[in-house]
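> Following this message is one structure expressed as structure tokens.
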């Protein structure tokens, strides 16, 4: 689709998706910005999680937010009858409103309706495998502490010497007395004759893997969402900065391309003259060899005038003639300041000859100008896309800080952007 | 409205499109804008059902379309199968199509539909997009209490704001 080889590396975006760095005075796209997190929150309870807790909670919500294992909908904590033993005692379970799953199916019942995560941790810690793991951890930590205190006595040894001493364990006299006894597994402690393997057997019913092995049967904690802020890759100027509160949808800083560059649109209809009748524009399908006028409307978002020049890109199988290659877009003014002097060149018949040179401009209103270009497709295609090089330049509003004090000149900011206009199928 | 037989405690609003041989049981509420069209065969609706606004019950088969008791047909539900059992919930825009039947205690989720000709077994839940199904593990014991409360409320409030067809 790109008709010029040097443009092959670029990518087209609608103007709503582009940012503008006002430091560099350049357009930036999603690929040339740096994203960084501006806040973490749970999408269900909208709780703002402080950055320190994010890592410790493994990027999941630490409160009562869980996903149904069947349909991934959010689970609600409801009061229910206990299915074990006493039928009268109420307990709390997690239940899904969409697929009617509830946590009684995996045996999870809670005494309190808050702090579900803590109650789950307690349940998991009571499993024999988890108990064994914690006692193993305690044992090896005590070994490490004992060897550390033993080594602190051997102050003058180099590292290789003290390492050899540790290995042989005959180096120091008080080493033998502080050796901790070897580890005994929990099942051994209970009865010496019963083989330990049967107690420690990892059967499907008892084994609870913390690593997400049981993803299909257990509710998962809901993952946190990030709010991202974006910076220009070259000058690190912040382009987008959202408010860090989860409920807030506004932005503290919002530098969008549509607020700095003229928007190019294909209007469906233009107001005709002084009246309020809307005149629809040509919507016939394009045909090979037939020259059609296409109206493009440029809208100026700035409070200053913008000089625009439009040049059609070179295309292999289409001829594009821009009737009005250069014009000035008036600044954006509030609606009540708009005078009623919009005129439509096509509708006023007695236009003087000096106006014929401006026949490319079809309509003006406020900060918008609609120009006309003639398009002649030469080959049939499913989507005809015309590249236009639009150069816009305006005087910077703020005085140039780098210029010397005496000069009253202002910097001229100019941008050259390629605009691709899709005109649809050509028969 | 020929062939409409209302039980004495049935509550049917006047702005309901009822056509053909239709029989409605005690306690059943038919909200405004519903349609019960017995096109080619009769429709027999049981007791204590709630048929919400814009629900469509249409019988294109010659055999009777039976609707059991204590069902809840939510807004824009469609029943054009051969029948449904008791205590079912057909959620918003849920559909029982073709020649299908629904058992008891089922839930047809929002925008979900049965296959064109299947007998959905009891305790089935149709849900999700893409649609899937599962069997419910509870015995639906909490449903009746809430359903009767809902019915009591409607019986008290609906006649205050809508015109009701008087039973003879």
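Chains as they are written, first to last, in the numbering used here: chain A, -7 to 419; chain B, 949 to 1116. Yeah, the Cβ is synthetic: ideal placement off N, Cα and C, and Gly gets one too.
1. Would you please state the rounded distance, in angstroms, between the beta carbons of residue 33/A and residue 217/A? I believe it to be under 8 angstroms.
2. Any C-beta of chain D within less than 7 angstroms: which residues of the segment 1019 to 1047 of chain B qualify?
3. Roughly how many angstroms lie between the CA atoms of residue 137/A and residue 87/A, to the nearest whole one?
4. So who's on the other strand from residue 410/A, going by DSSP bridges?
5. On a Cα-Cα basis, can you pick out the residue from 128/A, 252/A, 402/A and 322/A that is closest to residue 299/A?
6. Roughly how many whole angstroms lie between the Cα atoms of residue 1023/B and residue 1048/B?
7. For residue 1067/B, which of helix, strand or coil comes out of DSSP?
8. Since residue 256/A contacts residue 85/A with CB under 8 angstroms, what's their CB separation in whole angstroms?
9. Going straight from the alpha carbon of residue 1064/B to that of residue 1028/B, what length do you get?
10. Going by the CB atoms, is the gap between residue 379/A and residue 211/A shorter than 8 angstroms?
11. Within 10 Å of its beta-carbon, does residue 239/A have 16 or more other beta-carbons around it, so buried, or fewer, so exposed?
12. If you draw a straight line from the C-alpha of residue 1053/B to the C-alpha of residue 128/A, how long is it?
13. When the Cα atoms are used, what is the spatial distance from residue 411/A to residue 235/A?
14. List, in chain order, every chain B residue whose beta-carbon is nearer than 7 angstroms to that of residue 92/A.
15. Could you name the residues of chain A that residue 1076/B contacts, counting a contact when the two beta carbons are closer than 8 angstroms?
16. Kindly indicate which three-state DSSP category residue 1060/B falls into: helix, strand or coil?
17. With three or more beta-carbon pairs closer than 8 angstroms as the criterion, would you say the segment 40 to 52 of chain A touches the segment 282 to 293 of chain A?
18. Return the bridge partner residues of residue 224/A from the DSSP annotation.
19. Quick check on the DSSP output: the beta strand (DSSP E) that includes residue 243/A runs from which residue to which?
20. Does DSSP put residue 1080/B in a helix, in a strand, or in coil?
21. Between 371/A, 365/A, 324/A and 385/A, which lies nearest to residue 359/A when the distance is taken from Cα to Cα?
22. At the level of alpha carbons, what is the spacing between residue 31/A and residue 973/B?
23. With distance defined between alpha-carbon atoms, name the residue in 961/B, 1026/B and 956/B nearest to residue 1113/B.
24. Sorted by chain position, which residues of the same chain lie with C-beta nearer than 7 angstroms to residue 1100/B's C-beta, five sequence neighbours on each side aside?
25. Whose CA, out of 144/A, 97/A, 254/A and 54/A, lies closest to the CA of residue 456/A?
26. Could you tell me which of 1071/B, 997/B and 1002/B sits nearest to residue 985/B, measuring between CA atoms?
27. Where residue 226/A and residue 376/A are concerned, what is the direct C-alpha to C-alpha distance, given to the nearest angstrom?
28. One question on the structure: do residue 996/B and residue 1017/B come within less than 8 angstroms of each other, judged by their Cβ atoms?
29. Based on the DSSP secondary-structure assignment, which residues constitute the bridge partners of residue 13/A?
30. Any chance you could list the alpha helix (DSSP H) runs of at least 4 consecutive residues sitting entirely within the segment 256 to 314 of chain A, in chain order?
31. How would you label residue 1103/B, buried or exposed, when you count the other beta carbons within 10 angstroms and need 16 or more for buried?
32. Counting only beta-carbon separations shorter than 8 angstroms, does residue 97/A have a partner in chain B?
33. Report buried or exposed for residue 1020/B, applying the criterion of at least 16 other Cβ atoms within 10 angstroms of its Cβ.
34. What's the call for residue 276/A, buried or exposed, on a 16-neighbour Cβ count within 10 Å?
35. Ends of the alpha helix (DSSP H) at residue 111/A?
36. With distance defined between alpha-carbon atoms, name the residue in 1083/B, 1115/B and 964/B nearest to residue 93/A.
To lay it out plainly:
1. Position 41 of the first chain, counting from 1, holds the residue named residue 33/A. Position 225 of the first chain, counting from 1, holds the residue named residue 217/A. Right, the Cβ-Cβ distance comes to about 6 angstroms (below 8 angstroms), so this counts as a contact.
2. In the structure shown, chain D cannot be found, because the protein chains are A and B.
3. Residue numbering aside, residue 137/A sits at position 145 when the first chain is read from its first letter. Residue numbering aside, residue 87/A sits at position 95 when the first chain is read from its first letter. Distance between the alpha carbons of residue 137/A and residue 87/A: 46 angstroms.
4. Here residue 410/A refers to the residue found at position 418 of the first chain. DSSP lists 381/A as partners of residue 410/A.
5. Counting from 1 along the first chain, the entry for residue 299/A is found at position 307. It is 322/A.
6. By one-based count along the second chain, residue 1023/B stands at place 75. By one-based count along the second chain, residue 1048/B stands at place 100. Each residue's alpha carbon lies about 20 angstroms from the other.
7. On the second chain, residue 1067/B is found 119 positions in, with the first residue counted as 1. Residue 1067/B falls in the strand class under three-state DSSP.
8. What you label residue 256/A is simply residue 264 of the first chain in a count that begins at 1. What you label residue 85/A is simply residue 93 of the first chain in a count that begins at 1. Between residue 85/A and residue 256/A the Cβ distance is about 57 angstroms, and since that is not below 8 angstroms, they are no contact.
9. Here residue 1064/B refers to the residue found at position 116 when the second chain is read from its first residue. Here residue 1028/B refers to the residue found at position 80 when the second chain is read from its first residue. Cα to Cα, the separation comes out at about 10 angstroms.
10. Working through the first chain from its first residue, we reach residue 211/A at position 219. Working through the first chain from its first residue, we reach residue 379/A at position 387. No, these two residues do not count as a Cβ contact at 8 angstroms.
11. Looking up residue 239/A in the first chain gives position 247. Exposed, since its Cβ has fewer than 16 Cβ neighbours within 10 Å.
12. As a working note, residue 1053/B is residue 105 in the second chain. As a working note, residue 128/A is residue 136 in the first chain. Using only the alpha carbons, I get a separation of about 50 angstroms.
13. Residue numbering aside, residue 411/A sits at position 419 when the first chain is read from its first letter. Residue numbering aside, residue 235/A sits at position 243 when the first chain is read from its first letter. Taking the straight line from one Cα to the other gives about 32 angstroms.
14. Here residue 92/A corresponds to residue number 100 of the first chain, with the count starting at 1. Neighbours of residue 92/A on chain B, chain order: 1055, 1073 and 1084.
15. As a position in the second chain, residue 1076/B is number 128, starting the count at 1. Here the neighbours are 63, 90 and 91.
16. Indexing the second chain from 1 puts residue 1060/B at position 112. Three-state result, residue 1060/B: coil.
17. no
18. The residue given as residue 224/A occupies position 232 in the first chain. Bridge partners of residue 224/A: 25/A.
19. Numbered from 1 along the first chain, position 251 holds the residue referred to as residue 243/A. 243 to 246 is the extent of the beta strand (DSSP E) around residue 243/A.
20. Translated into positions along the second chain, residue 1080/B becomes position 132. Three-state result, residue 1080/B: strand.
21. Numbered from 1 along the first chain, position 367 holds the residue referred to as residue 359/A. Residue 359/A has its Cα closest to that of 324/A, out of 371/A, 365/A, 324/A and 385/A.
22. Counting from one through the first chain, the residue named residue 31/A turns up at place 39. Counting from one through the second chain, the residue named residue 973/B turns up at place 25. Spanning the two alpha carbons is a distance of roughly 58 angstroms.
23. As a working mapping, residue 1113/B is identified with position 165 in the second chain. Among 961/B, 1026/B and 956/B, the Cα nearest to that of residue 1113/B belongs to 961/B.
24. In the second chain, residue 1100/B corresponds to position 152, counting from 1. Answer for residue 1100/B: no residue qualifies.
25. Summary: the structure shown does not reach residue 456/A, with chain A confined to residues -7 through 419, and so no result is reported for it.
26. Locating residue 985/B in the second chain gives position 37, where the first residue counts as 1. The shortest C-alpha separation from residue 985/B is found at 1002/B.
27. The residue labelled residue 226/A in the question sits at position 234 within the first chain. The residue labelled residue 376/A in the question sits at position 384 within the first chain. Between residue 226/A and residue 376/A, the C-alpha separation is close to 34 angstroms.
28. Residue numbering aside, residue 996/B sits at position 48 when the second chain is read from its first letter. Residue numbering aside, residue 1017/B sits at position 69 when the second chain is read from its first letter. Yes; because the gap between Cβ atoms is below 8 angstroms, this pair is in contact.
29. Position 21 of the first chain, counted from the start, is the residue given in the question as residue 13/A. Answer by DSSP bridge pairing, in chain order: 18/A.
30. none
31. Indexing the second chain from 1 puts residue 1103/B at position 155. By the 10 Å Cβ count, residue 1103/B comes out exposed.
32. By one-based count along the first chain, residue 97/A stands at place 105. Closer than 8 angstroms: yes.
33. Within the second chain, numbered from 1, the residue matching residue 1020/B stands at position 72. Residue 1020/B is buried by the Cβ-count criterion.
34. Residue numbering aside, residue 276/A sits at position 284 when the first chain is read from its first letter. Label assigned to residue 276/A: exposed.
35. As a working note, residue 111/A is residue 119 in the first chain. Unbroken alpha helix (DSSP H) run through residue 111/A: 108 to 117.
36. Against the first chain, residue 93/A aligns to sequence position 101. When only C-alpha atoms are compared, the closest one is 1083/B.
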